[in-house]
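Here's the structure we're looking at; comments come further down.
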Amino acid sequence: MKKREFWFIVGSQDLYGQEVLDTVAERSAEMAAALSEVLPYPLVYKVTAQSNAQIAETIREANYCPECAGIVTWCHTFSPSKMWINGLVSLQKPYCHLATQYNREIPKDEIDMDFMNLNQAAHGDREHGFIGARLRLPRKVIAGYWKDEKVQKRLSDWMRAAIGVAVSKEMKVMRFGDNMREVAVTEGDKVEVQIKLGWQVNTWAVGDLVKEMDAVTEAEIDALMAEYEASYDIATDNIAAIRYQAKEEIAMKRMMDREGCKAFSNTFQDLYGMEQLPGLASQHLMAQGYGYGGEGDWKVSAMTAILKAMGEGGNGASAFMEDYTYHLVEGQEYSLGAHMLEVCPSLAADRPRIETHHLGIGMNEKDPARVVFEGKAGKGIVVSLIDMGGRLRLIVQDIEAVKPILPMPNLPVARVMWRALPDLTTGVECWITAGGAHHTVLSYDVTADMMRDWARMMDIEYVHIGADTTPEKLEEELLVKDLIWKLK
Ligand code: MN
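The number in this note's numbering is simply the position in the sequence shown, starting from 1, with 1308 added.
Right, here's the structure in full:
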């Protein structure tokens, strides 16, 4: 994984004398070091900024430093914000304003004017906040004591969203074949997406993949088979089908790694020269952090890779998902999500098993192997990025996943069951009203707030459907946003 860090830039000025500035620098370094112990990425104390030139230079450095994934600012003392203008107007990295304070308590007996002059974040951060607002900068504001767990958690989440920005800007998607014929929601403007989100989305011929597969050796397949056996139970006698998937996986991975692609798509309508749609192959690639989208859905593929990178340990529990069918029994209303093969094992509640079954859709000459499992219970989100024509809309819905309430022994694919918020049918009405796709990224560890931060940093429309959403409020919100985004 790439080395990433965040920079802690502390605002001050030269009116206070060297002693105060030394104290500010010392405390800032102490805070950055202590926070780095608990945050998912290092927070590097950079500077106690005292002048326009110094701030402009630091921001220029941040822009051009590939490891720097964002800046965190704070004003221990007062930092006149006109000195921030020249720097901030050229800022190209995610920006978080941490409105905190070195001390938790007011020291009632010791407090005097010297203390007041050193500890003035309460007004220093307001001056700093004004210039962020005045410049209309997309920023995250987090207020609270820096040692509080809640503050640290929010800063961690923002960092993960900022990592999502960095990953997005480097995203390359390998498309094997085009989108499924006639499908609308999986289409989109690739040029606009590259301008807005940084994604490079390009196509490779399935014939090139078949050629790559032909070059895979039996020894390479043996090695990957050992990996499969270590992670999954083999619940089929059809070992040839598993070996075929291993061959597909090795070839796809080789092509993606050669091009620096972190996500891919394919379609059952274009398998020319292949015996089977990649099932297990795609699932095991997803387990390694690659994004995937079925039926040529490159948007959901890239989003899957981005959410995975935002999740725990840089490869979290996020996966390509599809809403399939509903259980509409009163009191037990759930969605059943799955795909024809490709559900990521990072969602599994238990050890997955490899099975082979007939797949009727597409030109599969032979039964494809796939891993089958039940999804975990827990709170999560589903995410859909759609192209509204002239702009992108990110829709995020809160969900509660459950252990599948039915055994479904004849279902030959991995399955996840969940209830959309506020409740299944209202949630579905809201989702459909907003135009959300049948393909989503389902995540257990990325939150709606993190996606809101990500959307703000990427400058795209954000729609959240949660416990408090009503179809009426949502309709109004979409109408207003339609107008705003036409003006933007
Ligand atoms: Mn699909």
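The beta carbon of each residue, even a glycine, is placed where N, CA and C say it ideally should be.
Since this is a predicted model, take the numbers as computed values, not measurements.
Residue i (DSSP reduced to helix, strand or coil)
{"i": "L1463", "result": "helix"}
{"i": "F1576", "result": "coil"}
{"i": "L1396", "result": "helix"}
{"i": "D1675", "result": "coil"}
{"i": "I1503", "result": "helix"}
{"i": "V1680", "result": "strand"}
{"i": "S1389", "result": "coil"}
{"i": "Y1552", "result": "helix"}
{"i": "N1510", "result": "strand"}
{"i": "I1529", "result": "helix"}
{"i": "E1769", "result": "strand"}
{"i": "Q1705", "result": "strand"}
{"i": "I1450", "result": "strand"}
{"i": "L1593", "result": "helix"}
{"i": "Y1353", "result": "strand"}
{"i": "L1700", "result": "strand"}
{"i": "I1694", "result": "strand"}
{"i": "V1710", "result": "strand"}
{"i": "Y1324", "result": "helix"}
{"i": "G1601", "result": "strand"}
{"i": "A1492", "result": "coil"}
Residue nearest to residue i in terms of C-alpha spacing, selected from the options
{"i": "H1647", "options": "A1613, Y1598, Q1591 and K1616", "result": "Q1591"}
{"i": "W1454", "options": "D1422, P1446, T1408 and A1470", "result": "T1408"}
{"i": "G1688", "options": "I1450, H1635 and A1625", "result": "A1625"}
{"i": "S1692", "options": "P1415, A1610, K1448 and T1525", "result": "A1610"}
{"i": "M1815", "options": "P1388, G1599, W1507 and C1383", "result": "What the structure shows of the chain is the stretch from 1309 to 1796, and residue 1815 is not part of that stretch, so it cannot be assessed."}
{"i": "W1466", "options": "T1755, T1633, P1712 and H1431", "result": "T1755"}
{"i": "M1391", "options": "C1383, K1416 and A1361", "result": "A1361"}
{"i": "C1376", "options": "A1548, A1474 and A1617", "result": "A1474"}
{"i": "R1760", "options": "E1327, K1711, N1623 and K1448", "result": "K1448"}
{"i": "F1386", "options": "V1397, Y1324 and R1444", "result": "Y1324"}
{"i": "K1458", "options": "A1617, V1524, V1518 and L1347", "result": "L1347"}
{"i": "K1711", "options": "A1657, I1471 and I1547", "result": "A1657"}
{"i": "L1636", "options": "N1574, V1524 and D1731", "result": "D1731"}
{"i": "L1351", "options": "Q1358, W1382, E1535 and R1434", "result": "W1382"}
{"i": "N1425", "options": "A1492, E1500, G1395 and E1327", "result": "E1327"}
{"i": "Q1508", "options": "D1516, G1515 and V1499", "result": "V1499"}
Contacting residues, own chain, Cβ-Cβ under 7 Å from residue i (five flanking each side not counted)
{"i": "R1551", "result": "I1529 and M1533"}
{"i": "I1707", "result": "G1688, I1689, V1690, W1726, R1727, A1728 and L1729"}
{"i": "Y1632", "result": "L1644, G1645 and A1646"}
{"i": "S1336", "result": "F1316, V1318, Y1353, T1356 and H1384"}
{"i": "L1585", "result": "F1576, L1579, L1649, L1667, G1670, N1672 and P1676"}
Chain-order list of residues whose beta-carbon lies under 6 Å from that of residue i (same chain, five-residue window excluded)
{"i": "Y1752", "result": "A1625, G1686 and G1688"}
{"i": "E1663", "result": "A1543, T1544 and V1680"}
{"i": "L1399", "result": "I1367"}
{"i": "A1613", "result": "K1570, A1571 and G1599"}
{"i": "G1452", "result": "V1459"}
Strand pairing of residue i, partner residues [DSSP]
{"i": "T1381", "result": "I1317 and H1405"}
{"i": "C1376", "result": "E1313"}
{"i": "S1751", "result": "S1626 and I1689"}
{"i": "R1661", "result": "D1541 and V1680"}
{"i": "L1644", "result": "T1633 and M1725"}
{"i": "R1483", "result": "T1511 and S1573"}
{"i": "A1656", "result": "G1683"}
Neighbourhood of residue i by C-beta distance below 8 Å, restricted to the same chain and skipping five residues each side
{"i": "E1769", "result": "M1696, R1699, L1700, R1701, L1702, A1763, K1789 and W1793"}
{"i": "E1785", "result": "V1771"}
{"i": "P1798", "result": "Lying outside 1309 to 1796, the shown extent of the chain, residue 1798 is not represented and no answer is given."}
{"i": "I1393", "result": "N1360, I1439 and L1443"}
Just the residues with CB closer than 6 Å to a heavy atom of ligand 1, in chain order, which are they? This selection yields G1602, E1603, E1630, H1647 and H1747.
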